[in-house]
Amino acid sequence: MTQAMKDKLIAVLYPARCAFCGKVILPQSGICSDCETEAQAVAGETCSLCAMPKERCSCGRRSHFYDAAAAAYLYGGVVKDGILRYKKGGDRRAAAFFAAEAARRYREAFDFPADLVTYIPQRDAARELELPLFDGMVKLYDVPPQKSVPYLYKRGNVAGIFDVGDPEAIRGKTVLLFDDVKTSGETLDECAKMLKLRGARTVVALSVAVTENKRKKKQTAAEKRKNQKIHT
Ligand SMILES: [Zn+2]
Ligand SMILES: [Zn+2]
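This is the structure in structure tokens:
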């Protein structure tokens, strides 16, 4: 069988699919035209602490244990679908696509190289960035998922649950800490704290997607209730 025949057979048996919605697409195009229009890629001037575009940053430049953060997309819509495709559906091609997108964003946002990558989905990210994978971030015990915990308890929920298996591997290094979705950032921050405590020089939080910081909104709603009580 010739290579051309093999390629044809593979294309028929395993057609290329859009990484976001899963629709069959032309090989090498990566995403369909609908998702290309809908997915909101993070570009231009961004806040280096919360990874949001400057005009939508509401983090108040609150500092973290990580030194900087970046994300490839704004979370929601087809981006959410795409992340679920590889997280829950095990779509490896979608995983590779999003890891490549995160790697592209890292190179766009930062002019310093990282030494190694850790966290999920670390294998693909490590390959895309051609960096060694540090598989030594250890979760010491399970806690309720962060999305089920009210904002004020998020930090406490993950406090002390991670450690670094082999501190020698990260000492003095620039570590890229990878996650699928950055929401409040507490989990990334807790991991960054341990990486720093164990000797990492710089920690950059890189995620496929970032969600808007809801802290401001929630506080305002709580304040509103408080004010209402005062005034009634
Ligand atoms: Zn699509
Ligand atoms: Zn910000």
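For the sequence shown, my numbering gives the first residue as 8, with consecutive numbering after it. Even glycine gets a Cβ: it sits at the ideal position worked out from N, Cα and C.
If you check the beta carbons only, do A121 and V211 fall under 8 angstroms apart?
Pairing A121 with V211 gives a Cβ-Cβ distance under 8 angstroms.
Flag this pair as yes or no: are the beta carbons of D90 and V215 separated by less than 8 angstroms?
Looking at the sequence itself, residue 90 is Ile, so the reference to Asp does not match. Yes, the Cβ-Cβ distance between I90 and V215 is below 8 angstroms.
Let me check you understand the geometry: is the CB of C27 closer than 7 angstroms to at least one non-hydrogen atom of ligand 1?
The residue you asked about is not Cys; residue 27 is Phe in the sequence shown. Result yes, Cβ under 7 angstroms from ligand 1.
Helix, strand or coil, according to DSSP, for L147 in the structure here?
coil
Is any non-hydrogen atom of ligand 2 found closer than 7 angstroms to the C-beta of C57, if you look at the structure I gave you?
Yes, Cβ of C57 sits closer than 7 angstroms to a heavy atom of ligand 2.
Could you please give me the residues that DSSP links to F169 through a beta bridge?
K146
Cβ shell of D139 (< 8 angstroms), same chain only, five flanking positions each side left out
The question names Asp, yet the displayed sequence has Pro at residue 139. D122, L123, V124 and A133, listed in sequence order.
Can R112 be considered in contact with ligand 2, in the sense that its beta carbon sits closer than 7 angstroms to one or more heavy atoms?
no
Quick check on the DSSP output: the beta strand (DSSP E) that includes S214 runs from which residue to which?
T209 to V217
Looking at the strands, I want to know which residues DSSP matches up with P60.
T53
Residues sharing a beta bridge with F185, DSSP:
L213
Cα-Cα, which of M12, R111, P34 and C64 is closest to V217?
C64
Endpoints, beta strand (DSSP E) assigned at L123:
If you look at L123, you'll find it in the beta strand (DSSP E) that goes L123 to T125.
Rounded to whole angstroms, how far is the Cβ of V188 from the Cβ of Y82, which I believe are closer than 8 angstroms?
Rounded, the Cβ-Cβ distance is 5 angstroms, consistent with contact.
For A26 and Q10, I'd like the C-alpha separation in whole angstroms.
25 angstroms
The segment 196 to 213 in contact with the segment 67 to 76 per 3-pair CB rule at 8 angstroms
yes
Own chain, CB closer than 7 angstroms to G29, minus 5 neighbours either side, in chain order:
R92
Regarding C42 and ligand 2, is the C-beta to nearest heavy atom distance less than 7 angstroms?
No, ligand 2 has no heavy atom inside 7 angstroms of this Cβ.
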